[in-house]
Amino acid sequence: MIKLSSSQIAELGKRAREHFQQGRLIDAAETYERLSKLHPRDPNLWHMLSVVYGTIGDAENAVRCARQTTLLAPSVVSGYRNLGHFLFQLGRAQEAEACFRKAVSLSGRETMDLGNLGAALAAQQRYADAIPHYEQAVAKNGNDPALHYNLAASFHALGHWTEAARHYARASQLAPAEPSYLVNLAGALRASGQDEQALAAWSQLLQLVPNDLAALLGIGDIYREHGQHTSAAQSYTRAVEVAPGEIDPLIRLGLTHLDLGNTDMAQACFRDILSKHPRHVEAQYNLALSLERSGLNEAALEAYKQVPLGDHGLDLIGSQAGMLEKLGEFAAAHALLEPLIASGVAGLRALDSFGRLCRHFGDCDRAIESMEARLQSGSISEEDQRLLHFRLGTLYDRQKNYSEAFKHFESGNRKKQYRYNVADDERYVDKLIQMFSPEVYARIPSIEPVADVTPIFIVGMPRSGTTLVEQILASHPEVYAGDELPFITRIANTPRVYAGRTLCYPDWLPFLTQTDCEEMAQAYLSELRTLAPGARYVTDKMPHNFPFLGLMHRLFPNAPIIHCLRDPADVCLSCYFQDFASYHNYAYDLAHLGQHFCQYQRTLAHFRETLSVPIFESQYESLVDDPEVRSRALLEHCGLSWDERCLRFYESDRKSKTASYDQVRQPIYKRSSQRWRNYEQYLQPLFDALASVPVNTGTGSNQA
Numbered sequence: 004m005i006k007l008s009s010s011q012i013a014e015l016g017k018r019a020r021e022h023f024q025q026g027r028l029i030d031a032a033e034t035y036e037r038l039s040k041l042h043p044r045d046p047n048l049w050h051m052l053s054v055v056y057g058t059i060g061d062a063e064n065a066v067r068c069a070r071q072t073t074l075l076a077p078s079v080v081s082g083y084r085n086l087g088h089f090l091f092q093l094g095r096a097q098e099a100e101a102c103f104r105k106a107v108s109l110s111g112r113e114t115m116d117l118g119n120l121g122a123a124l125a126a127q128q129r130y131a132d133a134i135p136h137y138e139q140a141v142a143k144n145g146n147d148p149a150l151h152y153n154l155a156a157s158f159h160a161l162g163h164w165t166e167a168a169r170h171y172a173r174a175s176q177l178a179p180a181e182p183s184y185l186v187n188l189a190g191a192l193r194a195s196g197q198d199e200q201a202l203a204a205w206s207q208l209l210q211l212v213p214n215d216l217a218a219l220l221g222i223g224d225i226y227r228e229h230g231q232h233t234s235a236a237q238s239y240t241r242a243v244e245v246a247p248g249e250i251d252p253l254i255r256l257g258l259t260h261l262d263l264g265n266t267d268m269a270q271a272c273f274r275d276i277l278s279k280h281p282r283h284v285e286a287q288y289n290l291a292l293s294l295e296r297s298g299l300n301e302a303a304l305e306a307y308k309q310v311p312l313g314d315h316g317l318d319l320i321g322s323q324a325g326m327l328e329k330l331g332e333f334a335a336a337h338a339l340l341e342p343l344i345a346s347g348v349a350g351l352r353a354l355d356s357f358g359r360l361c362r363h364f365g366d367c368d369r370a371i372e373s374m375e376a377r378l379q380s381g382s383i384s385e386e387d388q389r390l391l392h393f394r395l396g397t398l399y400d401r402q403k404n405y406s407e408a409f410k411h412f413e414s415g416n417r418k419k420q421y422r423y424n425v426a427d428d429e430r431y432v433d434k435l436i437q438m439f440s441p442e443v444y445a446r447i448p449s450i451e452p453v454a455d456v457t458p459i460f461i462v463g464m465p466r467s468g469t470t471l472v473e474q475i476l477a478s479h480p481e482v483y484a485g486d487e488l489p490f491i492t493r494i495a496n497t498p499r500v501y502a503g504r505t506l507c508y509p510d511w512l513p514f515l516t517q518t519d520c521e522e523m524a525q526a527y528l529s530e531l532r533t534l535a536p537g538a539r540y541v542t543d544k545m546p547h548n549f550p551f552l553g554l555m556h557r558l559f560p561n562a563p564i565i566h567c568l569r570d571p572a573d574v575c576l577s578c579y580f581q582d583f584a585s586y587h588n589y590a591y592d593l594a595h596l597g598q599h600f601c602q603y604q605r606t607l608a609h610f611r612e613t614l615s616v617p618i619f620e621s622q623y624e625s626l627v628d629d630p631e632v633r634s635r636a637l638l639e640h641c642g643l644s645w646d647e648r649c650l651r652f653y654e655s656d657r658k659s660k661t662a663s664y665d666q667v668r669q670p671i672y673k674r675s676s677q678r679w680r681n682y683e684q685y686l687q688p689l690f691d692a693l694a695s696v697p698v699n700t701g702t703g704s705n706q707a
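Given below as structure tokens:
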């Protein structure tokens with residue numbers, strides 16, 4: 004080896020530093036290697052060589068050199084920091100931990116060393132051990148966002164959501180332009196049940212990253228879980244636009260349309276997925292479900308048959324049996340279900356279908372026994388428990404075991420996650436009354452009636468007899484039963500822009516022009532013509548169209564409006580006993596039902612009494628007491644001649660897609676009247692909420 008003079012060695016050191024400063028890292032490494040051989044016991048040379056290798060990304064050589072540094076200078080903290088850092092890069096967290104512990108002891112617990120030790124422990128999934136070190140680091144330097152973030156991540160990993168959210172929030176405050184902090188903050192807030200704050204975090208993220216898919220989906224999820232399905236659909240629609248090739252946003256959008264009762268739009272989402280991924284099982288299954296919810300039972304049955312067993316397993320058989328039962332093919336449905344029930348391996352859908360079917364075969368005791376056993380097993384989801392509770396409630400009610408029936412209905416309703424706020428409901432009705440003032444109403448243009456098709460609007464509370472009224476009308480040869488149509492809701496809830504402002508219903512009412520009204524009317528009528536080509540009259544029995552009555556009368560002045568009424572306690576109890584397929588956030592608590600009923604009555608009273616919208620009122624109890632007289636009056640109001648088939652509506656081949664599908668197969672019966680008396684002892688919250696409802700809920704000039 005050629006021996007160098009001290010000046011030559013100094014020149015080499017200078018050259019190595021220059022190489023490093025100029026970014027010529029390979030030259031720097033070669034020069035420092037040469038120097039380390041000349042001075043093998045100089046810890047500074049080994050330290051610089053480890054830094055150079057670390058900068059290059061050669062962690063193995065960086066570790067070799069840093070280890071030599073610690074051997075030559077065992078009391079210098081920087082050597083242990085570097086060695087721990089390079090070991091950590093190599094995934095050798097346990098060895099890194101030992102280095103960082105030494106650094107902590109040498110530095111007097113400096114912030115950097117505490118944070119590094121926490122990171123090494125967290126990398127070993129020893130989050131509980133990491134947290135105290137992170138907390139000490141944060142106590143020393145509370146303005147370091149990375150420290151708060153790492154501390155939050157350890158709390159997050161342990162499921163300590165509140166603490167995690169607190170430190171994610173602090174990290175985000177300190178570094179507001181960092182999207183990842185907001186992503187994790189929203190996740191922790193969601194997990195801790197702070198959905199309103201999570202919504203704010205997602206919204207803040209969208210300000211930073213307007214097309215962030217996770218934020219759009221997260222916002223949609225929160226809205227959907229809180230029953231704000233229209234807002235959820237808007238967020239999911241944006242997600243689909245942002246990521247048109249992604250399946251998950253389309254699945255969520257389709258399911259939300261199902262919640263809203265927009266079954267045609269739900270089908271479009273699932274068909275879109277299947278056009279690109281024909282064997283996507285979830286899309287196949289949900290398409291079948293959408294067809295079922297549309298009342299297209301034959302098509303739904305065929306669609307369920309196309310779904311491979313896969314994750315849905317035996318419940319596909321239950322779904323097929325459910326379709327057969329709705330089609331009135333009881334023996335075929337029973338044949339599918341009997342082997343599953345007998346063997347005890349029936350899925351939840353099969354149990355539910357058997358519960359619907361059992362009365363036709365005198366087998367309801369066995370259905371109850373099977374469902375109770377499944378509930379007691381404790382191995383089913385909250386959603387499946389809800390399904391069984393509602394079905395058991397119905398079966399016990401049929402057996403007149405009212406205490407057991409109510410117990411199950413109450414349990415089923417408690418498992419519904421929708422939230423209702425009466426103050427929001429009141430504010431909405433206040434806004435309706437304000438915007439539908441007589442002055443504004445008089446200025447809304449009225450459209451000339453068209454000759455080819457006339458809608459018949461049937462509104463009211465769900466379970467108030469809307470299906471019965473529609474079935475009577477649809478038995479007339481001039482009437483097509485449209486069922487629950489989403490068209491008015493979709494038209495009314497579409498935001499409109501006036502004078503540069505985007506307004507939602509009912510705020511845009513004062514600005515409507517003749518052209519606006521004509522476009523809305525034509526959009527609706529076009530849907531009717533597509534649904535029922537050539538039909539003279541088409542019923543639209545979406546019960547919750549009642550907030551749009553004033554608009555509907557202006558757009559279709561010749562369209563009959565029928566308001567279905569029923570004893571308030573009976574109608575609310577019937578809603579409480581119904582596991583609605585679509586969104587009814589007020590229906591799962593007796594007090595909420597009564598409160599919503601009051602707001603519904605306020606709305607109807609305003610349209611009927613203040614604005615004199617012509618409304619024909621069909622009282623359920625009067626209709627079942629004297630069906631011919633009341634049915635004649637109903638048809639007369641609609642401008643239809645009397646037809647005897649309207650009294651024999653149960654002989655029609657038409658299938659209802661609503662919860663009343665089984666009732667329309669039967670002649671009118673009276674057993675639903677005064678049903679609430681069987682449950683009177685449980686209904687005080689409902690009675691208290693209904694106290695402000697007038698005794699005569701069927702006021703007005705046209706009453707059936």
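Residue numbers for the sequence shown follow my numbering, beginning at 4 and rising by one.
Note that CB positions come from ideal geometry on N, CA and C, so glycine has one too.
Keep in mind that this is a model prediction, so the values were computed, not measured.
A contact between stretches requires three or more CB pairs, one per stretch, nearer than 8 Å, and the stretch 592 to 608 fails this requirement with the stretch 484 to 499.
Taking each of Pro563, Ile383, Leu488 and Thr397 in turn and checking the Cα distance to Phe357, the smallest one comes out for Thr397. Separation of Phe514 and Gln287 (C-alpha to C-alpha, rounded to the nearest whole angstrom) is 44 Å. In the three-state scheme derived from DSSP, where H, G and I count as helix and E and B as strand, His88 is classed as helix. The beta carbons of Asp582 and Arg389 sit about 7 Å from each other, so the pair counts as a contact at 8 Å. Annotated as proximal: Glu521 and Ile450, with beta-carbon spacing under 9 Å. Excluding sequence positions up to five before and after Cys507, its CB lies within less than 6 Å of the CB of Pro498, all in the same chain and listed in chain order. If you check the CB distance, Ser414 and His392 come in under 9 Å. With 16 or more other Cβ atoms inside 10 Å of its own Cβ, Leu292 counts as buried. The three-state reading of DSSP puts Glu612 in helix, counting H, G and I together. Contact between the stretch 535 to 549 and the stretch 413 to 431 is absent, with fewer than three C-beta pairs closer than 8 Å. The C-alpha of Ala106 lies about 11 Å from the C-alpha of Thr73.
With 16 or more other Cβ atoms inside 10 Å of its own Cβ, Asp573 counts as buried.
Annotation: Tyr508 is outside any beta strand (DSSP E) and is labelled neither H nor E by DSSP. Under DSSP, Ser621 forms a beta bridge with Cys567. The three-state secondary structure of Val348, taken from DSSP, is coil.
If you check the CB distance, Pro182 and Leu202 do not come in under 9 Å. A direct Cα-to-Cα measurement between Cys102 and Pro77 gives close to 11 Å.
Of the candidates Gly642, Leu626, Phe439 and Asn681, the residue whose Cα lies closest to the Cα of Ser615 is Phe439. Taken in chain order, the complete beta strand (DSSP E) segments of 3 residues or longer contained in the stretch 444 to 510 are 457 to 463, 482 to 484, 499 to 501 and 504 to 506. Inclusion of Cys567 and Val462 in the CB contact set at 9 Å is warranted, their separation being smaller than that value. Counting only the Cα atoms, Leu637 lies some 50 Å from Ala246. Partner residues in the beta bridge of Val541, as assigned by DSSP, are Pro458 and Tyr483.
Under the criterion of beta carbons closer than 8 Å, Ala167 and Ala155 qualify as touching, at roughly 5 Å. Trp645 sits in coil when the DSSP states are folded into three classes, being neither helix nor strand. Cβ neighbours of Leu435 within its own chain (closer than 8 Å, five residues either side excluded): Pro509, Pro550, Thr606 and His609. For Arg422, the secondary structure class from DSSP, reduced to helix, strand or coil, is coil. Look at Lys403 here: in three-state DSSP terms it is coil, with no helix or strand label. Residue state for Asp366 is assigned as coil, using DSSP reduced to three classes. In the DSSP annotation of this structure, the continuous segment of the alpha helix (DSSP H) that includes Trp164 starts and ends at Trp164 to Leu177. In this model, Asp224 and Tyr307 are separated by some 27 Å (Cα to Cα).
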